[in-house]
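Per our numbering, the sequence shown starts with residue 4, numbered consecutively. Glycine included, C-beta positions come from ideal geometry on N, C-alpha and C.
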Amino acid sequence: MSSLENLSHENRTFPPTPAFTAQANAQATLYQEAADDRLAFWARQAELLHWERKWDQVLEWELPNAKWFLGGKLNASYNCLDRHVLEGRGDRVAFHFEGEPGDTRTITYAQMLVEVKKTANALLELGIGAGDRVAIYMPMIPEAAVAMLACARIGAAHSVVFGGFSAEALKSRILDADVTLVITSDGGYRKGSAFPLKPVVDAALAGGDHNVKKVLVVNRTGQAVAWVGGRDIWWHEIVDRQSAEHVAEGFDSEHVLFILYTSGTTAKPKGIFHTTGGYLTQTSFTHRAVFDLKAESDVYWCTADIGWITGHSYVLYGPMINGATQVMYEGTPDSPTKHRLFQLIEKYKVSILYTAPTLIRTWMKWGDEYPADSDLTSLRLLGSVGEPINPEAWMWYREVIGADACPVVDTWWQTETGGLMISPLPGVTATKPGSAMAALPGISAKVVDDEGRDVANGQGGYLVLTEPWPAMLRGVWGEPERYRETYWSRFPGKYFAGDGAKLDDDGAIWLLGRVDDVMNISGHRISTTEVESSLVSHINVAEAAVVGANDAVTGQAIVAFVILRGGIPSVGGEELIADLKAHVTQEIGAIARPKQILVVAELPKTRSGKIMRRLLRDVAEHRTVGDSTTLADPNIMKLIGEGLQSSKSED
Ligand code: WT7
Numbered sequence: 004m005s006s007l008e009n010l011s012h013e014n015r016t017f018p019p020t021p022a023f024t025a026q027a028n029a030q031a032t033l034y035q036e037a038a039d040d041r042l043a044f045w046a047r048q049a050e051l052l053h054w055e056r057k058w059d060q061v062l063e064w065e066l067p068n069a070k071w072f073l074g075g076k077l078n079a080s081y082n083c084l085d086r087h088v089l090e091g092r093g094d095r096v097a098f099h100f101e102g103e104p105g106d107t108r109t110i111t112y113a114q115m116l117v118e119v120k121k122t123a124n125a126l127l128e129l130g131i132g133a134g135d136r137v138a139i140y141m142p143m144i145p146e147a148a149v150a151m152l153a154c155a156r157i158g159a160a161h162s163v164v165f166g167g168f169s170a171e172a173l174k175s176r177i178l179d180a181d182v183t184l185v186i187t188s189d190g191g192y193r194k195g196s197a198f199p200l201k202p203v204v205d206a207a208l209a210g211g212d213h214n215v216k217k218v219l220v221v222n223r224t225g226q227a228v229a230w231v232g233g234r235d236i237w238w239h240e241i242v243d244r245q246s247a248e249h250v251a252e253g254f255d256s257e258h259v260l261f262i263l264y265t266s267g268t269t270a271k272p273k274g275i276f277h278t279t280g281g282y283l284t285q286t287s288f289t290h291r292a293v294f295d296l297k298a299e300s301d302v303y304w305c306t307a308d309i310g311w312i313t314g315h316s317y318v319l320y321g322p323m324i325n326g327a328t329q330v331m332y333e334g335t336p337d338s339p340t341k342h343r344l345f346q347l348i349e350k351y352k353v354s355i356l357y358t359a360p361t362l363i364r365t366w367m368k369w370g371d372e373y374p375a376d377s378d379l380t381s382l383r384l385l386g387s388v389g390e391p392i393n394p395e396a397w398m399w400y401r402e403v404i405g406a407d408a409c410p411v412v413d414t415w416w417q418t419e420t421g422g423l424m425i426s427p428l429p430g431v432t433a434t435k436p437g438s439a440m441a442a443l444p445g446i447s448a449k450v451v452d453d454e455g456r457d458v459a460n461g462q463g464g465y466l467v468l469t470e471p472w473p474a475m476l477r478g479v480w481g482e483p484e485r486y487r488e489t490y491w492s493r494f495p496g497k498y499f500a501g502d503g504a505k506l507d508d509d510g511a512i513w514l515l516g517r518v519d520d521v522m523n524i525s526g527h528r529i530s531t532t533e534v535e536s537s538l539v540s541h542i543n544v545a546e547a548a549v550v551g552a553n554d555a556v557t558g559q560a561i562v563a564f565v566i567l568r569g570g571i572p573s574v575g576g577e578e579l580i581a582d583l584k585a586h587v588t589q590e591i592g593a594i595a596r597p598k599q600i601l602v603v604a605e606l607p608k609t610r611s612g613k614i615m616r617r618l619l620r621d622v623a624e625h626r627t628v629g630d631s632t633t634l635a636d637p638n639i640m641k642l643i644g645e646g647l648q649s650s651k652s653e654d
């Protein structure tokens, strides 16, 4: 948080151009309309969806439980697909898919609908029905989107697990949601070679203490895979022979659409679950208003993987409801060369780009020559999400990628909020580099002090949401108390987001990063506690403390301090450090692999035994260590300094 504290002294502003405003989807009047009657405003947005049965009541709010569009019935897959085909938009391209090896597929809405219907029929044949949970563990290929929509079509909740998570992480999610079917692929492509996924699923299911009956496997790479007879089924063998007829049934507005796990402040990830009507209303509205989508002419590219909420809300549901033509890319930005994403923008004439600050900073580091080699003039709007964007990166994005001509929208939201919450409206808002600006129409965000009182302009505090919103999480799967406790107890009656924020002198909102024990690594949330417990599960580790240290590219980087068990040499332990890093990768996944592990003799603790991470962060960020007078043993920091000299950093 420290490097961000000076952020809000920015005074450059970028008003919309008259030309953009003249054609913008969003008008300034939206704020007033929503303020006049918030529920009527959201009802007008909901009316743009197709409902099998209209709702009787817009909102029922019994803090902290919200129900939106009660009594309404709708089908998410119908809204994303059938509707476009029935209304004559079937030939529009839904996805320009680009595989990592360079293979391409162009998929129209009509083709997508056929695939989803067949897959829905295959799921039914496998005994999956409304109310069941299906885990999806796949690379970024069209079948991932097909699988999600097929689940939604038959009312089964999908629980997508990012393909970078380990067998352990996958297993705990399968168990927590009591999943009965896993959809995966043999593997995918990354940085020029094929990686395996099916073996990870096999490992996750090896214990047998779960209820998974079938595993549906897409043949993506042709790798040899082990096969469990009676359990494993090739996608092409069961899906291809299905009927292309399937009538989508309307489900209750509050029917569970999906579960998505996210790291919290304890070691156990939270199964955030979302329901149908409100979620689809907010994701489609915000996608139109904030990205200014013109479905007939725009090519929209959100670079997120479907394993994260951004992929759910702004690759799958929001854009597809709006009939967007999208780019979907399987690989990484630097493979085979650092030109890859810029070449894709040129090739598909991408007009709207939505990505994360970590990628923008990586591009900055590589140098302007890479974007300069491609024609990026098709771009007309740029979006950012996942972590605070520093003004330098914001300006570079605007100037180098957007040729100084595209509005930049910095969008704040969370897995829990389901849809965008704080963002400029392009064509309306005069933006400031680094600020997400203001709550969207129909959303109530405030910055409050320790006692929950509104702070004045120019002051910092905690970001809270003061009114329920349509796409809000409906709870933590199987843990209602945890839901109440995590989000609604810090400031009674208000949703606590876990972020620090500041209002500048004009009242614009500046996000300052997490205030809890959650790190943000390349826009992905990782819990310090989760990494700590993974480290202490290693036989050589007695105790561990993990902090997120500022990092110029990834926002934060994981730095771990470990105390070894007696008898293990702490000097020259390079091999052990490598082993510990591999252990975390094995336990959680590569995204949680510490960048640096420091072996120390002791950890700084208060008299009540709480680890003072603030002091460790000082060490990790090479600062003078701050006030350590509350430590039980004031000598500790000196000891840590000594321990440091015997450890090695990766960079
Ligand atoms: C956390 C949510 C929502 C999609 C990706 C991450 C941080 C997200 C911004 C932004 C500053 C941001 C917050 C938030 N965050 N967007 N524009 N500016 N911070 O989803 O994994 O649920 O993480 O990401 O700290 O609480 P997530």
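A straight-line Cα-Cα distance of about 5 Å links aspartate 502 and valine 518.
Here the alpha carbon of alanine 396 sits roughly 42 Å from the alpha carbon of isoleucine 542. For proline 336, the secondary structure class from DSSP, reduced to helix, strand or coil, is coil. With a threshold of 16 other beta carbon atoms within 10 Å, serine 492 falls short and is exposed.
The segment 136–196 is shown to contain whole alpha helix (DSSP H) runs of 4 or more residues at 145–157 and 170–179, in chain order. Taking the CA atoms as reference points, threonine 313 sits about 12 Å from valine 163. Relative to ligand 1, asparagine 82 has its C-beta separated by 7 Å or more from all heavy atoms. Annotation for isoleucine 355 indicates a beta carbon at 7 Å or more from all heavy atoms of ligand 1. Residue pairing by DSSP places valine 218 opposite Val185 and Asp235 in a beta bridge. By the CB criterion at 8 Å, serine 188 and valine 220 fall inside the cutoff. The beta carbon of proline 471 is closer than 7 Å to those of Leu62, Trp64 and Ala69 in its chain, skipping five residues each way along the sequence. Threonine 365: member of the alpha helix (DSSP H) spanning 360–369, first to last residue. Burial check for aspartate 106: the Cβ neighbour count within 10 Å stays below 16, so the residue is exposed. Residue ranges of uninterrupted alpha helix (DSSP H) with 4 or more members, entirely inside the segment 377–428 and ordered along the chain, are 394–399. Of all C-beta pairs linking the segment 263–280 to the segment 353–367, fewer than three are shorter than 8 Å, placing the two stretches out of contact. Around threonine 289, the same chain offers Gly422 and Leu423 as residues with beta carbons nearer than 6 Å, after the five sequence neighbours per side are excluded.
If the five residues before and after isoleucine 512 are omitted, its C-beta is found closer than 8 Å to the C-beta atoms of Trp415, Ile425, Ser438, Ala439, Met440, Ala441, Ala442, Ala448, Val450, Leu466, Ala504, Lys505 and Leu506, all from its own chain and listed in chain order. Restricting attention to Leu583, Ser266 and Ala635, the CA atom closest to the CA of glycine 526 is found in Ser266.
Secondary structure at alanine 79: helix, using DSSP grouped into helix, strand and coil. By the criterion of a C-beta distance shorter than 6 Å, glycine 463 is surrounded in its chain by Lys505, once the five residues flanking it on both sides are discounted. The beta carbon of glutamine 26 sits no closer than 7 Å to any heavy atom of ligand 1. Residue range 41–49 is occupied by the alpha helix (DSSP H) that includes tryptophan 45, with no beta strand (DSSP E) assigned at that position. In this structure, the alpha-carbon of glycine 516 lies about 11 Å from that of alanine 500. Taking all protein chains in view, the Cβ of serine 196 is surrounded by fewer than 16 other Cβ atoms within 10 Å, so the residue is classified as exposed. Per DSSP, the continuous alpha helix (DSSP H) segment holding lysine 121 begins and ends at 112–128. Residue pairing of leucine 579 in beta bridges, as defined by DSSP: absent, with no partner found. Per DSSP, methionine 323 is not a residue of any beta strand (DSSP E); the alpha helix (DSSP H) it occupies stretches across 321–324. Between ligand 1 and the CB of asparagine 393, the shortest heavy atom gap is not smaller than 7 Å. Non-local beta-carbon contacts of glutamate 546 in its own chain, meaning distances under 8 Å to residues more than five positions away in sequence, involve Val539, Val565, Ile566 and Leu606 in chain order. Ranked by Cα distance from glycine 612, the options Leu468, Asp636 and Leu184 are led by Asp636. Look at the beta carbons and you see the segment 280–288 not touching the segment 144–164: under three pairs across the two are nearer than 8 Å. In chain order, Asp308, Gly310 and Trp311 place their CB closer than 7 Å to the CB of phenylalanine 165, counting only its own chain and leaving out the 5 sequence neighbours on each side. Counting along the chain, phenylalanine 564 sits inside the beta strand (DSSP E) bounded by residues 558–567. In terms of Cα proximity to lysine 194, the closest of Thr469, Gly280, Glu257 and Pro339 is Pro339. Secondary structure in the segment 450–505: the beta strand (DSSP E) runs of 3 residues or longer, each lying completely within the stretch, are 463–468 in chain order. Bridge partners of aspartate 85 according to DSSP: none are assigned.
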